[in-house]
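Number of protein chains: 2
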Amino acid sequence: MKQVDDQLSHEIVEFYEKLSSWEASVVRGKGHSLAQIHTVEILGANGTMRMKELAEKLGITTGTLTVQINKMVNLGLVERMAHEQDKRSILVQLTTKGYEVYHEHDQLHHQLTHQITETFSDIERSQLLMFFQRINQGF
Amino acid sequence: MKQVDDQLSHEIVEFYEKLSSWEASVVRGKGHSLAQIHTVEILGANGTMRMKELAEKLGITTGTLTVQINKMVNLGLVERMAHEQDKRSILVQLTTKGYEVYHEHDQLHHQLTHQITETFSDIERSQLLMFFQRINQGF
DNA sequence: ATCTTTACTTTGACTATCAAACTAAATAAT
DNA sequence: ATTATTTAGTTTGATAGTCAAAGTAAAGAT
Chain A
1 MKQVDDQLSH EIVEFYEKLS SWEASVVRGK GHSLAQIHTV EILGANGTMR MKELAEKLGI
61 TTGTLTVQIN KMVNLGLVER MAHEQDKRSI LVQLTTKGYE VYHEHDQLHH QLTHQITETF
121 SDIERSQLLM FFQRINQGF
Chain B
1 MKQVDDQLSH EIVEFYEKLS SWEASVVRGK GHSLAQIHTV EILGANGTMR MKELAEKLGI
61 TTGTLTVQIN KMVNLGLVER MAHEQDKRSI LVQLTTKGYE VYHEHDQLHH QLTHQITETF
121 SDIERSQLLM FFQRINQGF
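So the protein sequences, as listed, match chains A and B.
FYI, in the working numbering the residues of the first sequence are 1 to 139.
FYI, in the working numbering the residues of the second sequence are 1 to 139.
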């Protein structure tokens, strides 16, 4: 099924491009940068995590992240916490204000999800959910 | 089915985060920037297009794109062409070298697609393809 | 004809990024 | 135990990416 694989790859890239573009346009001119929203998104969805983990999920180096987190601490969006088990590590977590920004942005995601699956039946939606769960596992 | 919708939204965001992170790590330290690869990806997948369209798909302003395209022209990745019907518009297209970079990167996408759908049967893969096609339509 | 909108460019201020050098803690090797 | 190596995070200097605003020129509307 080489044909299906090729098309699938193409559709996934297209989906990714469209999500990126949507995200950028939704974020622009709303006070926070794309990088900041991205950080809030990840912390909101996955909870407190170490700098290293966060940098990996963001796809940036830890050096870049240090600078980014400094700014976000000053903005009151996140805070640093000591890691009790490993004193080299530092935990980053959302503040109350950070959570507010997260939930606000997450609302938009829900709207988008609703929009793009408008033509899906309940059964199809469930199938789609299972597919995404399996894909995210395999990553 | 509020529950399914919530989970779906969450899984889509997770999928997006993982793709971003994968893309960044694959691109870093390979000579081209993420922004450049992103541009090559879009032009490779969709063909020649106007600055305006390209900026929208990239989720950046046309001002930013002008600077970006100037650099990429200097690098020999893309070229500008006159738009015959509308003299305000300018068409951007990949050069031969640009296509090489596109195909090289696209190979990696194929590998990733194969990896993340490893547990899928042929039938499921076809279903997934149809789902993505419908989603991309609805965007 | 003139006004308005649209497509693109330019510029200045700012933000994001990396790579490399550095500090400190954890782990491995001897 | 000591020493060497790896790991987590920070700092810094150079470069690249970004926006908003102002400018130019063409297209479309009145």
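Glycine included, each C-beta is placed from N, C-alpha and C at the ideal position.
At the level of alpha carbons, what is the spacing between residue i and residue j?
| i | j | result |
| --- | --- | --- |
| E41/B | H103/A | 32 Å |
| T39/B | Q68/B | 9 Å |
| N72/B | T66/B | Looking at the sequence itself, residue 72/B is Met, so the reference to Asn does not match. Answer to the nearest angstrom: the Cα atoms are 10 Å apart. |
| G44/B | F139/B | 20 Å |
| K2/A | Q93/A | 44 Å |
| K57/A | I90/B | 37 Å |
| L54/A | I123/A | 35 Å |
| H32/B | D106/B | 14 Å |
| D5/B | Q127/A | 12 Å |
| L129/A | Q7/B | 7 Å |
| F131/A | F15/A | 15 Å |
| E11/A | T61/B | 25 Å |
| Q133/B | L34/B | 25 Å |
| R88/A | L108/A | 37 Å |
| E17/A | G63/A | 27 Å |
| H110/B | H110/A | 29 Å |
| L19/B | L19/A | 11 Å |
| V13/A | V13/B | 15 Å |
Can residue i be considered in contact with the ligand ATP, in the sense that its beta carbon sits closer than 8 Å to one or more heavy atoms?
| i | result |
| --- | --- |
| V27/A | The ligand ATP is not part of this structure, which contains no ligands at all. |
Apply the 10 Å Cβ neighbour rule to residue i and answer buried if 16 or more other Cβ atoms are within range, or exposed otherwise.
| i | result |
| --- | --- |
| G76/A | exposed |
| S9/A | buried |
| G98/B | buried |
| E118/B | exposed |
| G59/B | buried |
Enumerate in chain order the residues of its own chain whose CB-to-CB distance from residue i is below 8 Å, with the five nearest sequence positions on each side excluded.
| i | result |
| --- | --- |
| R80/B | I69, V73, I90, L91, V92 |
| T37/B | What sits at residue 37/B in the sequence shown is Ile, not Thr. E23, V27, V101, H105. |
| N136/B | none |
| F120/A | L128 |
| N46/A | K57 |
Once the 5 residues before and after residue i are set aside, which same chain residues still bring their CB inside 7 Å of it?
| i | result |
| --- | --- |
| T95/A | G76, L77, V78, E79 |
| R125/B | T117 |
Can you list, in chain order, the residues of its chain with a C-beta nearer than 6 Å to that of residue i? Leave out the 5 residues immediately preceding and following it.
| i | result |
| --- | --- |
| G29/B | none |
Checklist entry - Would you call the region 84-102 of chain B and the region 16-30 of chain B touching, i.e. three or more CB-CB distances under 8 Å? => result no
Item to check | Cβ contact check for the region 105-117 of chain B and the region 48-57 of chain B: 3 or more pairs under 8 Å | outcome: At 8 Å Cβ cutoff, the stretches do not touch.
Checklist entry - Just by C-beta distance, which residues in the region 12-25 of chain A are closer than 8 Å to chain B? => result I12, V13, E14, F15, Y16, E17, K18, L19, S20, S21, W22, E23, A24, S25
Next on the checklist: So if I threshold CB-CB distances at 9 Å, which residues from the region 34-54 of chain A count as touching chain B?
Outcome noted: L34, H38, E41, I42, A45, N46
Item to check | Contact residues within the region 78-111 of chain A, judged by C-beta distance below 7 Å to chain B | outcome: Within the region 78-111 of chain A, the qualifying residues are H109, H110.
Checklist entry - If you measure beta-carbon to beta-carbon, which residues of the region 64-79 of chain A are closer than 8 Å to chain B? => result none
Item to check | Near-chain B residues of the region 116-136 of chain A - C-beta to any C-beta below 9 Å | outcome: I116, T117, E118, T119, F120, D122, E124, R125, S126, Q127, L128, L129, F131, F132, Q133, R134, I135, N136
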